[in-house]
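Working notes, structure below.
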Amino acid sequence: MGYRTYLVGKWHLGYCRREFLPTARGFDYFYGYYGPQTGYFNHSAEQFDRRRSRTIGGLDLFMELNGGVSAPDYTKQGVYSTNLFADEAINLISYHDVRNPFFLFLSFQSVHAPLQVPPLYENRCSHIGHPMRRKYCAVLAAMDDAIERVVRALKNRGLYENTVIIFSSDNGGATDFGASNAPLRGEKDTLWEGGTKTNTFVHAPRYIRQFAVRNDLFHVVDWHATILGMAGSSAQTYGDGINQWDMIRSGKGALRRFQFVYNIGEHGSAIRQGDFKLIMGNADRTSHFNNDRMRLYRLSVDPAERRDVSRQHFVVARQMARKIMALRRMGRRSIRLPLDPRADPAFHNGAFGSYWC
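If you want it as structure tokens, here you go:
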């Protein structure tokens with residue numbers, strides 16, 4: 001569709017060989033980290049090797065140009081990642097050829113553990129008594145300032161009015177690290193609404209005139225089709241996703257989502273069908289329910305998932321359970337490989353580099 005595509009920040013979709021890298025999967029440029037988490041200042045990651053009972057560590061900060069040539073960046077020690085990634089995004093905006101459209105995915109490290117932040121922002125949140133909540137506030141405030149700088153860069157180049165800005169998250173907050181999902185139940189890594197439902201806003205001065213809260217169902221798989229719709233594609237679906245751009249823009253979509261899958265797993269599964277949500281097995285890391293147990297919630301009247309109505313709506317629960325079992329039979333078992341010693345940064349100039357598998 002003629003777009004330049006940039007990814008700045010977190011990748012976490014594989015990196016051991018060239019074809020797994022961002023620039024081999026559709027991005028023209030990448031700057032960020034490959035793994036699940038790094039230090040905000042030292043940009044280094046650690047992994048515990050259980051087979052050898054030792055911790056391995058190394059740099060996880062890389063740049064790629066089109067073609068999948070990955071190079072570590074050893075020069076940013078001490079630079080706060082939120083500012084670093086915002087600066088990189090601003091640089092891309094500043095030098096982009098405005099005659100061509102662009103797609104920029106800015107995947108901040110914030111507010112992922114380990115929560116680290118310059119003292120300036122902790123001072124700004126000093127009114128919060130709980131130390132972890134105060135830290136969380138500070139990390140969030142730093143990201144807020146960074147986003148403001150990126151938006152200002154768009155305005156300075158005259159691109160703001162014609163840009164669609166999406167702010168979203170991939171999961172609910174981690175309560176061990178200062179987040180709160182109240183009044184919803186659960187947290188990150190659970191099947192409860194508090195672990196899976198996130199707030200999102202879409203801002204587009206030229207395209208969204210009817211400002212309102214949209215309560216339609218929207219799943220993460222819809223983003224691909226929806227962003228293609230923003231770019232002018234006439235396709236209403238892409239893979240499992242639905243183009244919901246019209247719903248976002250005006251509240252009236254040609255297609256509406258009525259069901260989706262939260263997770264199909266060996267220990268816990270959940271699906272949504274209209275108002276109803278069915279959980280089978282474990283809903284979180286501390287539960288020990290039998291995998292055959294069904295819990296049904298009607299989210300329109302019980303968003304906090306406090307009242308199991310599987311007995312009152314047994315036919316619905318049974319039908320949804322059959323769907324989960326069918327999806328389990330269609331799926332493939334998760335592969336959990338041990339750490340590969342070939343990835344040890346000691347063999348890659350102290351970095352979690354690519355080209356070894």
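Under UniProt numbering, think of the first position of the sequence shown as 1, with each following residue one higher.
Built from N, CA and C at the ideal position, the CB exists for glycine as well.
Less than 8 Å between the CB atoms is what I'm expecting for PHE108 and MET143, so what's the real figure, rounded? The residue labelled residue 108 in the question sits at position 108 within the sequence shown. The residue labelled residue 143 in the question sits at position 143 within the sequence shown. Confirmed, about 6 Å.
GLY2: buried (16+ other C-beta within 10 angstroms of its C-beta) or exposed? Counting from 1 along the sequence shown, the entry for residue 2 is found at position 2. Looking at its Cβ environment, which holds fewer than 16 other Cβ atoms inside 10 Å, GLY2 is exposed.
Backbone CA spacing between ARG332 and LYS323 [nearest angstrom]: Indexing the sequence shown from 1 puts residue 332 at position 332. Indexing the sequence shown from 1 puts residue 323 at position 323. Between the C-alpha atoms of ARG332 and LYS323 there is a straight-line separation of about 16 Å.
For a quick check, are the C-beta atoms of ARG134 and ALA304 less than 8 Å apart? If you number the sequence shown from 1, residue 134 lands on position 134. If you number the sequence shown from 1, residue 304 lands on position 304. Against a cut-off of 8 Å, the Cβ pair of ALA304 and ARG134 comes out as no contact.
Where VAL202 sits in the DSSP three-state scheme: The residue labelled residue 202 in the question sits at position 202 within the sequence shown. DSSP places VAL202 within a strand segment (E or B) once states are collapsed to three.
When DSSP labels each residue in this structure, what does ALA89 get in the three-state scheme? Residue 89 sits at position 89 when you count from the first residue of the sequence shown. Looking at ALA89 - three-state DSSP - the assignment turns out to be helix.
Residue interval of the alpha helix (DSSP H) (run including SER250): Position 250 of the sequence shown, counted from the first residue, corresponds to residue 250. Start and end: 245 to 250.
What does the alpha-carbon distance come out to for the pair SER354 and PHE48? Looking up residue 354 in the sequence shown gives position 354. Looking up residue 48 in the sequence shown gives position 48. Looking at the two C-alpha atoms, the distance is approximately 19 Å.
Does SER44 come out as helix, strand or coil in the three-state DSSP assignment? On the sequence shown, position 44 is the one that residue 44 refers to. Judged by DSSP in its simplified three-state form, SER44 adopts strand.
Around the C-beta of MET320, are 16 or more other C-beta atoms found within 10 angstroms, so that it is buried, or is it exposed? In the sequence shown, residue 320 corresponds to position 320, counting from 1. By the 10 Å Cβ count, MET320 comes out buried.
Let me check understanding here. Comparing Cα to Cα, which of GLY239, ALA346 and ALA89 lies closest to LEU7? As a first step, residue 7 must be located in the sequence shown, where it is residue number 7. The shortest CA-to-CA distance from LEU7 to any of GLY239, ALA346 and ALA89 is the one to ALA89.
Through-space distance from ARG318 to PHE103, alpha-carbon basis: The residue labelled residue 103 in the question sits at position 103 within the sequence shown. The residue labelled residue 318 in the question sits at position 318 within the sequence shown. One C-alpha to the other measures close to 43 Å.
By how many angstroms is the C-alpha of THR175 removed from the C-alpha of ASP145? Taking the first residue of the sequence shown as 1, we reach residue 145 at position 145. Taking the first residue of the sequence shown as 1, we reach residue 175 at position 175. In this structure, the CA atom of ASP145 is about 23 Å from the CA atom of THR175.
Within the continuous alpha helix (DSSP H) that includes residue 384, where are the two ends? Here the chain covers residues 1 to 357 and nothing more, so residue 384 does not appear.
Quick check on THR75: does DSSP put it in helix, strand or coil? Position 75 of the sequence shown, counted from the first residue, corresponds to residue 75. Annotated three-state conformation of THR75 is coil, per DSSP.
Is the stretch 72 to 81 touching the stretch 38 to 55, taking contact as three or more C-beta pairs under 8 Å? With the rule of 3 Cβ pairs closer than 8 Å, the stretch 72 to 81 counts as touching the stretch 38 to 55.
DSSP three-state label for residue 386, please. No information on residue 386 is available, as it lies outside the stretch 1 to 357 that the chain covers here.
8 Å contact criterion, which CYS125 and ALA113 should meet: CB distance rounded: Counted from its first residue, the sequence shown places residue 125 at position 125. Counted from its first residue, the sequence shown places residue 113 at position 113. At roughly 17 Å, the Cβ-Cβ gap does not stay under 8 Å, so CYS125 and ALA113 are not in contact.
Taking only three categories from DSSP, how would you classify VAL151? If you number the sequence shown from 1, residue 151 lands on position 151. For VAL151, the three-state secondary structure derived from DSSP is helix.
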